[in-house]
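Taking it in order: structure first as structure tokens, then the write-up.
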Amino acid sequence: MRTDIGEDQSSNRNLSFTVNSRLAAFALWATIASIVVTTISVGITYWAQGEPEARVNFETISDTNVFDLHRPLKDLSIIFRGHDVQEQNLNLRIVIVNVTNTGEQDILPIHYDPEDGWGMQFSDGEVIESRLVDSNSAYLRSKIVPQVTNENVVSFPKVIFETGSSFAVEVLLLHPKDISPYISPVGKIAGINEITVSARPLSQEDVSFFAGLFPGSALTQAVRTIIYLPGSLFAIVLIIFALIGTSIILDKLGAWARRRRVFKTRTILLMDQARIRNFLIDHYSLSGTTGLLWLKDMISQPSTITWLNSSSTWTTSLHSQEDGPEAPILFLDEVNWSEKRRALSALNESELIQRGGDDRAIIDPALGQAVDDLLAELGG
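Numbering of the sequence shown is given in our numbering, commencing with residue 28 and proceeding in unit increments.
Okay, here's the thing in structure tokens:
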């Protein structure tokens, strides 16, 4: 056997260890970077969303004339509170307004302006009466009692108005027939610049799945793609390296634990052949009990091992350049071929296998006995 083969393989092994160490270090830094980037992303997202926004919406859900007369009738008189409705060209209208907290935070009594009322005002009309007709909150049903505080103002009590809760108020209006009164809010609530007023019920338009998933205009989509895509790709790369790093770290921890275990075995402690002892420690640390079983199977069948310059020319395809031109190899009909090949390469590096006649392998019998003893002690 050429003496430089073991040196070449030892160099390759050291190089492989160095590469794995660098990859583990890079993967560890990638894991740390992934955590940092994720933390920053969450912080930016929270900052972009800002504080929960308070919103209130006045929504007209019904608007009905009490007397729906398209033209005056000569002999019909409608007297309401001393007013002849037809003669004075007046109209009685019932309006139902739904008041909803559409914001992201509850409105508490301290949020209302204490020096001003809270409610709604109707332009160009006189409020005759007002009453609560519905609410999705039992609390609001017991607390909301609309009061007509001016001829055209309906006031509400300053109660706790939780997000998503609503109440509907019915208002009877007397107004000029040719003018439609409109609603304007009264009072100030902290955190709300302007209360939204809808002239008709708000409806949800039917949108496609992708439109709901990616809301916004085409320009918004383009800007979102430019900003999010590189960040997403970078995050995916970091996650991949983090997974690789975690796998490498777990493998190294497992190898470290197996090395500590095998060092305490009686077989290793009493082994007087340093070459066999070091080989078994390294092999068990890397491959565990399964690796010892593969090794035992290979040692018990030396006929499955041949050499690269064998008369069987197809065997030259079963090795890599690092094996050298005269390294031992396994036949193709072997199970777990790749795992056993690595063990065989380590055997050759440790010079525990020799080339006999007819290119057959000769393995140190002390190795086979040591493997059996170690498997018995480890419970393999």
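Beta carbons are placed, not taken as given, at the ideal position from N, Cα and C, and that holds for glycine.
When DSSP labels each residue in this structure, what does I326 get in the three-state scheme?
The answer is helix: DSSP assigns I326 an H, G or I state.
My assumption, with CB atoms under 8 Å, is that F188 sits in contact with P173. Please give the rounded CB distance.
Not a contact, Cβ separation roughly 14 Å.
Residue burial classification, G406 (beta-carbon count within 10 angstroms, cutoff 16)
So G406 counts as exposed.
Looking at the structure shown, is E404 part of a helix, part of a strand, or coil, going by DSSP?
Judged by DSSP in its simplified three-state form, E404 adopts helix.
If I measure Cβ to Cβ from D161 and keep anything under 6 Å in the same chain, skipping five residues before and after, which residues do I get?
Same-chain partners within the cutoff: A195.
Return helix, strand or coil for Q396, following the three-state DSSP convention.
Here DSSP, grouped into helix, strand and coil, assigns Q396 to helix.
Reducing DSSP to helix, strand and coil, say where A81 ends up.
A81 falls in the coil class under three-state DSSP.
Between which two residues does the beta strand (DSSP E) containing L167 stretch?
Where L167 is concerned, there is no enclosing beta strand (DSSP E), although the alpha helix (DSSP H) it sits in stretches over A165 to K170.
Kindly give me the distance between the Cβ atoms of E156 and V186, rounded to whole angstroms, as I take these residues to be in contact under 8 Å.
Contact between E156 and V186 does not hold, since their C-beta atoms are separated by about 21 Å, which reaches or exceeds 8 Å.
Grab the span of the alpha helix (DSSP H) containing T294 for me, first residue to last.
Per DSSP, T294 is one residue of the alpha helix (DSSP H) stretching across R293 to L296.
Measuring CB to CB, does T294 end up less than 8 Å from L401?
Yes, these two residues count as a Cβ contact at 8 Å.
Can you name, in chain order, every residue of its own chain whose Cβ lies under 8 Å from the Cβ of V213, other than the five neighbours on each side?
Excluding five sequence positions before and after V213, the CB atoms of its chain that fall closer than 8 Å to its own CB belong to D143, G144, W145, G146, M147, Q148, V180 and S182, given in chain order.
Cα separation between S211 and T91?
In a straight line, the C-alpha of S211 is about 19 Å away from that of T91.
Just the C-alpha distance for S312 and R286, rounded to the nearest angstrom, thanks.
The straight-line gap from Cα to Cα measures roughly 5 Å.
Sequence-distant residues of its chain with Cβ nearer than 6 Å to E178 (five each side left out)
Cβ within range, chain order: E153.
Quick check on the burial criterion: 16 or more other C-beta atoms within 10 angstroms. Buried or exposed for E376?
Buried: at least 16 other Cβ atoms inside 10 Å.
Provide the residue(s) that pair with Q174 in DSSP beta bridges, ordered along the chain.
DSSP, once it has assigned bridges, lists S182 as partnering Q174.
Count the other CB atoms within 10 Å of the CB of F268; is the residue buried (16 or more) or exposed (fewer)?
Burial state of F268 is buried, judged by a 10 Å Cβ sphere holding 16 or more other Cβ atoms.
Buried or exposed: D391, going by 16 or more other Cβ atoms within 10 Å of its Cβ?
So D391 ends up on the buried side.
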